[in-house]
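Per the numbering used here, the sequence shown starts with residue 30, numbered consecutively. All C-beta atoms in this analysis are idealised placements derived from N, C-alpha and C, irrespective of residue type, glycine included. All of these numbers come straight from a predicted model, not from anything done at the bench. Worksheet for the structure shown next.
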Amino acid sequence: MHEIQRIAPLVDLVRDETVFSILAKFCKIAGFPSTIETLAHVELDPNYQLDSDLPGFIPSIAKMLGISGKEILDNHSVINYFKAFAIQNTFRAAEASLLEGKSIDIHTKLSLISNRMGKYENLHYCTLCVKESVDRYGATYWNREHQLPGVSVCLVHDVELSFVERCRKITHLPPYEVNVEAPKKCSTKSRLFASLSTSLLLGKLPEFLNQSKVILTYRLRLRDIGLTTKEMHIRQIRLRQKLIEFWGDVSTNPAHASVFSDQVEHPFPQNMFYRTCTHHPLKRLLLIGFLF
(Lines of atoms letter the chains of each structure in order from A; the text may use other names.)
(Lines give C-alpha, C1' and ligand atoms only; values in the text may rest on other atoms or scores of the structure.)
Protein backbone atom coordinates (compact mmCIF):
# COMPACT_ATOMS: atom_id res chain seq x y z
CA MET A 30 0.00 0.00 0.00
CA HIS A 31 2.98 2.29 0.58
CA GLU A 32 3.79 2.19 -3.14
CA ILE A 33 0.17 2.85 -3.94
CA GLN A 34 0.07 5.97 -1.77
CA ARG A 35 2.96 7.40 -3.78
CA ILE A 36 1.14 6.77 -7.07
CA ALA A 37 -2.38 7.77 -6.01
CA PRO A 38 -1.75 11.57 -6.04
CA LEU A 39 -1.03 11.25 -9.77
CA VAL A 40 -4.66 10.25 -10.37
CA ASP A 41 -6.44 13.54 -11.07
CA LEU A 42 -10.13 13.32 -10.21
CA VAL A 43 -12.47 14.83 -12.76
CA ARG A 44 -15.93 16.12 -11.88
CA ASP A 45 -18.57 13.41 -12.45
CA GLU A 46 -15.96 10.77 -13.25
CA THR A 47 -17.14 7.28 -12.28
CA VAL A 48 -15.42 5.16 -9.63
CA PHE A 49 -14.57 2.65 -12.35
CA SER A 50 -12.88 5.41 -14.32
CA ILE A 51 -10.79 6.41 -11.29
CA LEU A 52 -9.71 2.79 -10.84
CA ALA A 53 -8.95 2.40 -14.56
CA LYS A 54 -6.73 5.49 -14.58
CA PHE A 55 -4.93 4.27 -11.49
CA CYS A 56 -4.29 0.85 -13.05
CA LYS A 57 -2.86 2.56 -16.12
CA ILE A 58 -0.54 4.82 -14.11
CA ALA A 59 0.54 2.15 -11.62
CA GLY A 60 2.12 0.05 -14.34
CA PHE A 61 1.63 -3.37 -12.77
CA PRO A 62 1.57 -6.30 -15.23
CA SER A 63 -2.16 -7.01 -14.81
CA THR A 64 -5.38 -5.65 -13.36
CA ILE A 65 -5.43 -8.47 -10.80
CA GLU A 66 -1.98 -7.53 -9.49
CA THR A 67 -2.97 -3.88 -9.26
CA LEU A 68 -6.12 -4.79 -7.35
CA ALA A 69 -4.07 -6.82 -4.91
CA HIS A 70 -1.95 -3.76 -4.12
CA VAL A 71 -5.05 -1.71 -3.28
CA GLU A 72 -6.60 -4.58 -1.31
CA LEU A 73 -9.42 -5.12 -3.80
CA ASP A 74 -11.06 -8.50 -4.38
CA PRO A 75 -10.68 -9.42 -8.09
CA ASN A 76 -14.20 -10.87 -8.01
CA TYR A 77 -15.76 -7.41 -7.74
CA GLN A 78 -17.70 -6.11 -10.72
CA LEU A 79 -15.26 -3.29 -11.35
CA ASP A 80 -17.51 -1.28 -13.66
CA SER A 81 -20.53 -1.28 -11.35
CA ASP A 82 -22.22 2.09 -10.98
CA LEU A 83 -22.83 1.22 -7.31
CA PRO A 84 -19.47 -0.41 -6.45
CA GLY A 85 -18.66 -2.25 -3.26
CA PHE A 86 -15.07 -1.09 -3.04
CA ILE A 87 -15.54 2.57 -2.18
CA PRO A 88 -13.62 2.28 1.14
CA SER A 89 -10.55 0.95 -0.70
CA ILE A 90 -10.66 3.76 -3.26
CA ALA A 91 -11.19 6.35 -0.53
CA LYS A 92 -8.21 5.02 1.42
CA MET A 93 -6.06 5.01 -1.71
CA LEU A 94 -6.93 8.61 -2.60
CA GLY A 95 -7.04 9.97 0.93
CA ILE A 96 -10.59 11.34 0.67
CA SER A 97 -13.87 10.38 2.31
CA GLY A 98 -16.07 7.60 1.04
CA LYS A 99 -19.05 9.99 1.15
CA GLU A 100 -17.29 12.32 -1.27
CA ILE A 101 -16.74 9.46 -3.69
CA LEU A 102 -20.31 8.23 -3.30
CA ASP A 103 -21.83 11.68 -3.87
CA ASN A 104 -19.57 12.87 -6.69
CA HIS A 105 -18.53 9.71 -8.51
CA SER A 106 -21.38 7.17 -8.20
CA VAL A 107 -25.02 7.30 -9.32
CA ILE A 108 -26.72 6.54 -5.99
CA ASN A 109 -28.24 10.03 -5.69
CA TYR A 110 -30.15 9.35 -8.92
CA PHE A 111 -32.48 7.23 -6.75
CA LYS A 112 -32.88 9.66 -3.86
CA ALA A 113 -35.88 11.78 -4.87
CA PHE A 114 -38.27 8.83 -5.17
CA ALA A 115 -36.73 6.70 -2.42
CA ILE A 116 -38.00 5.90 1.04
CA GLN A 117 -35.54 7.66 3.31
CA ASN A 118 -34.69 4.71 5.58
CA THR A 119 -34.25 2.40 2.60
CA PHE A 120 -31.94 4.83 0.86
CA ARG A 121 -29.84 5.51 3.96
CA ALA A 122 -29.39 1.77 4.54
CA ALA A 123 -28.15 1.30 0.97
CA GLU A 124 -25.84 4.29 1.28
CA ALA A 125 -24.40 2.95 4.55
CA SER A 126 -23.76 -0.45 2.96
CA LEU A 127 -21.75 1.09 0.13
CA LEU A 128 -19.73 3.19 2.55
CA GLU A 129 -18.91 -0.01 4.45
CA GLY A 130 -17.86 -1.78 1.26
CA LYS A 131 -20.89 -4.05 1.18
CA SER A 132 -22.54 -4.23 -2.23
CA ILE A 133 -23.65 -7.86 -2.41
CA ASP A 134 -27.13 -7.01 -1.14
CA ILE A 135 -27.26 -3.49 -2.54
CA HIS A 136 -30.02 -4.32 -5.02
CA THR A 137 -32.00 -5.95 -2.24
CA LYS A 138 -31.69 -2.82 -0.14
CA LEU A 139 -32.62 -0.70 -3.15
CA SER A 140 -35.32 -3.06 -4.40
CA LEU A 141 -38.02 -0.53 -3.61
CA ILE A 142 -36.35 2.09 -5.77
CA SER A 143 -34.09 0.43 -8.31
CA ASN A 144 -35.77 -2.67 -9.70
CA ARG A 145 -33.78 -3.46 -12.81
CA MET A 146 -34.77 -2.21 -16.24
CA GLY A 147 -33.28 -4.92 -18.41
CA LYS A 148 -29.55 -5.56 -18.70
CA TYR A 149 -26.90 -2.92 -19.25
CA GLU A 150 -24.12 -4.43 -21.31
CA ASN A 151 -22.40 -1.26 -22.49
CA LEU A 152 -20.49 1.73 -21.18
CA HIS A 153 -21.26 5.01 -22.92
CA TYR A 154 -19.09 7.97 -23.84
CA CYS A 155 -19.19 11.12 -25.96
CA THR A 156 -16.49 11.29 -28.64
CA LEU A 157 -16.39 15.10 -28.38
CA CYS A 158 -15.98 14.91 -24.58
CA VAL A 159 -13.20 12.37 -25.11
CA LYS A 160 -11.31 14.74 -27.40
CA GLU A 161 -11.69 17.63 -24.96
CA SER A 162 -10.59 15.41 -22.08
CA VAL A 163 -7.43 14.35 -23.88
CA ASP A 164 -6.63 17.97 -24.74
CA ARG A 165 -7.23 19.13 -21.17
CA TYR A 166 -6.16 16.22 -18.97
CA GLY A 167 -4.12 14.00 -21.27
CA ALA A 168 -6.48 11.07 -20.71
CA THR A 169 -10.08 9.99 -21.22
CA TYR A 170 -12.58 9.13 -18.48
CA TRP A 171 -16.05 7.66 -17.97
CA ASN A 172 -18.70 10.27 -17.12
CA ARG A 173 -21.37 9.07 -14.69
CA GLU A 174 -24.08 11.15 -16.40
CA HIS A 175 -23.53 9.11 -19.56
CA GLN A 176 -24.10 5.85 -17.66
CA LEU A 177 -27.56 6.70 -16.29
CA PRO A 178 -30.32 4.23 -17.27
CA GLY A 179 -31.84 5.02 -20.65
CA VAL A 180 -29.57 8.02 -21.33
CA SER A 181 -28.16 8.00 -24.86
CA VAL A 182 -26.98 11.58 -25.44
CA CYS A 183 -24.40 14.07 -24.19
CA LEU A 184 -26.03 17.22 -22.80
CA VAL A 185 -22.86 19.26 -23.27
CA HIS A 186 -22.57 18.69 -27.02
CA ASP A 187 -26.14 17.62 -27.92
CA VAL A 188 -24.92 14.49 -29.71
CA GLU A 189 -25.61 10.77 -29.41
CA LEU A 190 -23.28 8.74 -27.22
CA SER A 191 -20.99 6.02 -28.49
CA PHE A 192 -20.52 2.84 -26.50
CA VAL A 193 -18.27 -0.15 -25.88
CA GLU A 194 -19.09 -3.49 -24.34
CA ARG A 195 -18.54 -3.79 -20.62
CA CYS A 196 -15.52 -5.76 -19.39
CA ARG A 197 -16.54 -6.34 -15.81
CA LYS A 198 -13.22 -7.69 -14.54
CA ILE A 199 -10.82 -5.59 -16.60
CA THR A 200 -10.25 -1.85 -16.30
CA HIS A 201 -10.34 0.31 -19.41
CA LEU A 202 -11.07 3.89 -20.45
CA PRO A 203 -13.10 5.32 -23.35
CA PRO A 204 -11.22 4.88 -26.63
CA TYR A 205 -9.67 7.91 -28.24
CA GLU A 206 -9.66 7.96 -32.03
CA VAL A 207 -8.12 10.87 -33.93
CA ASN A 208 -10.11 10.49 -37.15
CA VAL A 209 -13.45 9.63 -35.61
CA GLU A 210 -16.63 10.28 -37.58
CA ALA A 211 -18.67 13.25 -36.36
CA PRO A 212 -21.34 12.06 -33.88
CA LYS A 213 -25.00 12.32 -34.80
CA LYS A 214 -27.02 15.19 -33.34
CA CYS A 215 -29.47 14.05 -30.69
CA SER A 216 -33.25 14.34 -30.89
CA THR A 217 -35.24 16.78 -28.77
CA LYS A 218 -36.90 13.99 -26.80
CA SER A 219 -33.69 12.06 -26.09
CA ARG A 220 -32.18 15.31 -24.82
CA LEU A 221 -35.22 15.94 -22.63
CA PHE A 222 -34.91 12.50 -21.07
CA ALA A 223 -31.17 12.93 -20.44
CA SER A 224 -31.83 16.32 -18.84
CA LEU A 225 -34.45 14.88 -16.50
CA SER A 226 -32.15 12.01 -15.55
CA THR A 227 -29.24 14.33 -14.81
CA SER A 228 -31.50 16.53 -12.69
CA LEU A 229 -32.22 13.52 -10.50
CA LEU A 230 -28.53 12.65 -10.21
CA LEU A 231 -27.51 16.18 -9.28
CA GLY A 232 -30.23 16.61 -6.67
CA LYS A 233 -32.32 19.23 -8.45
CA LEU A 234 -35.50 17.60 -7.18
CA PRO A 235 -36.43 17.49 -3.48
CA GLU A 236 -35.23 14.45 -1.55
CA PHE A 237 -37.57 11.62 -0.52
CA LEU A 238 -40.77 12.87 -2.12
CA ASN A 239 -44.06 11.86 -0.53
CA GLN A 240 -45.29 9.08 -2.80
CA SER A 241 -49.00 9.66 -2.19
CA LYS A 242 -48.62 13.32 -3.17
CA VAL A 243 -46.63 12.34 -6.25
CA ILE A 244 -49.39 9.99 -7.44
CA LEU A 245 -52.05 12.63 -6.70
CA THR A 246 -50.06 15.14 -8.77
CA TYR A 247 -49.97 12.68 -11.67
CA ARG A 248 -53.73 12.16 -11.46
CA LEU A 249 -54.56 15.87 -11.32
CA ARG A 250 -52.41 16.57 -14.36
CA LEU A 251 -53.97 13.64 -16.23
CA ARG A 252 -57.39 15.11 -15.41
CA ASP A 253 -56.32 18.49 -16.79
CA ILE A 254 -55.30 16.98 -20.14
CA GLY A 255 -58.41 14.83 -20.47
CA LEU A 256 -56.95 11.45 -19.62
CA THR A 257 -59.24 10.62 -16.70
CA THR A 258 -62.95 9.96 -16.43
CA LYS A 259 -65.27 12.14 -14.37
CA GLU A 260 -64.73 9.67 -11.53
CA MET A 261 -60.93 10.26 -11.85
CA HIS A 262 -60.24 6.81 -13.27
CA ILE A 263 -57.24 6.93 -15.60
CA ARG A 264 -57.80 6.20 -19.29
CA GLN A 265 -54.91 3.71 -19.34
CA ILE A 266 -55.01 2.66 -22.98
CA ARG A 267 -55.07 6.24 -24.25
CA LEU A 268 -52.35 7.27 -21.81
CA ARG A 269 -50.08 4.46 -22.97
CA GLN A 270 -50.66 5.40 -26.62
CA LYS A 271 -49.89 9.05 -25.88
CA LEU A 272 -46.70 8.15 -24.04
CA ILE A 273 -45.39 5.98 -26.86
CA GLU A 274 -46.24 8.69 -29.38
CA PHE A 275 -44.64 11.42 -27.26
CA TRP A 276 -41.31 9.66 -26.68
CA GLY A 277 -41.06 8.38 -30.26
CA ASP A 278 -37.52 7.27 -31.13
CA VAL A 279 -36.49 7.31 -27.48
CA SER A 280 -38.68 4.24 -26.97
CA THR A 281 -36.25 2.14 -29.02
CA ASN A 282 -33.52 2.51 -26.40
CA PRO A 283 -33.16 -0.95 -24.76
CA ALA A 284 -33.91 0.35 -21.27
CA HIS A 285 -36.97 2.23 -22.49
CA ALA A 286 -38.13 -0.68 -24.63
CA SER A 287 -38.16 -2.88 -21.51
CA VAL A 288 -40.43 -0.34 -19.81
CA PHE A 289 -42.87 -0.21 -22.72
CA SER A 290 -42.99 -4.01 -23.06
CA ASP A 291 -46.49 -5.42 -23.07
CA GLN A 292 -45.29 -8.82 -21.81
CA VAL A 293 -46.21 -8.03 -18.20
CA GLU A 294 -49.42 -8.24 -16.18
CA HIS A 295 -49.76 -4.46 -15.80
CA PRO A 296 -47.99 -2.75 -18.74
CA PHE A 297 -46.49 0.71 -18.26
CA PRO A 298 -47.89 3.17 -17.28
CA GLN A 299 -50.72 1.21 -15.66
CA ASN A 300 -48.21 -0.24 -13.20
CA MET A 301 -47.26 3.24 -12.02
CA PHE A 302 -50.47 3.48 -10.04
CA TYR A 303 -49.96 0.30 -8.04
CA ARG A 304 -47.34 -0.39 -5.34
CA THR A 305 -46.19 3.19 -5.73
CA CYS A 306 -42.77 2.86 -4.07
CA THR A 307 -41.43 0.07 -6.28
CA HIS A 308 -40.88 1.94 -9.51
CA HIS A 309 -37.54 2.68 -11.11
CA PRO A 310 -36.82 6.41 -11.62
CA LEU A 311 -36.67 5.79 -15.36
CA LYS A 312 -40.39 4.98 -15.39
CA ARG A 313 -41.18 8.06 -13.38
CA LEU A 314 -39.18 10.29 -15.71
CA LEU A 315 -40.98 8.96 -18.78
CA LEU A 316 -44.28 9.89 -17.17
CA ILE A 317 -43.11 13.23 -15.80
CA GLY A 318 -41.54 14.28 -19.12
CA PHE A 319 -44.85 13.66 -20.86
CA LEU A 320 -47.10 15.23 -18.24
CA PHE A 321 -45.18 18.39 -17.43
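- When DSSP reads this structure, His285 sits in no beta bridge, so it has no partner.
- For Phe192, the uninterrupted beta strand (DSSP E) run begins and ends at 191-194, by DSSP.
- Residue burial is scored here from C-beta neighbours: Gly85 has at least 16 other C-beta atoms within 10 angstroms and is therefore classed as buried.
- Between the alpha carbons of Ile199 and Ile317 lies a distance of about 37 Å.
- In this chain, the beta strand (DSSP E) harbouring Tyr154 covers 151-154.
- Positions of the alpha helix (DSSP H) runs, each at least 4 residues long and wholly inside the segment 202-232, are given as 217-230 in order along the chain.
- Within the same chain, and ignoring the five residues on either side of Val43 in sequence, the residues whose Cβ sits closer than 7 Å to its Cβ are Tyr166, Tyr170.
- In this structure, the beta-carbon distance from Val107 to Leu221 does not fall below 8 Å.
- In this structure, Ser219 and Val159 do not form a Cβ contact; the two beta carbons are roughly 19 Å apart against a cut-off of 8 Å.
- According to DSSP, residue pairing for Val188 in a beta bridge involves Cys183, Lys214.
- Nearest neighbour of Val182 by Cα position, chosen from Glu150, Cys215, Arg195, Ala211, turns out to be Cys215.
- Out of Asp164, Ala168, Asp82, Ile133, the CA that lies nearest to the CA of Cys56 is found in Ala168.
- Counting only the Cα atoms, Gln299 lies some 8 Å from Arg269.
- For Lys92, the enclosing alpha helix (DSSP H) covers residues 87-94.
- It is roughly 7 Å from the alpha-carbon of Phe120 to the alpha-carbon of Leu139.
- In the same chain as Cys155, and ignoring 5 residues on each side of it, the C-beta atoms closer than 8 Å to its own belong to Asn172, His175, Cys183, Val185, His186, Val188, Leu190, Ser191, Pro212, in chain order.
- With contacts defined as CB atoms closer than 8 Å, Val40 and Lys54 qualify as a contacting pair.
- Collapsing the DSSP output to three states places Thr200 in coil.
- Contact between the segment 224-238 and the segment 111-119 is established, with three or more Cβ pairs separated by less than 8 Å.
- The Cβ-Cβ distance between Leu152 and Val193 falls below 8 Å.
- Excluding five sequence positions before and after His201, the CB atoms of its chain that fall closer than 7 Å to its own CB belong to Ala53, given in chain order.
- In the three-state DSSP reduction, Glu294 falls in the coil class, being neither helix nor strand.
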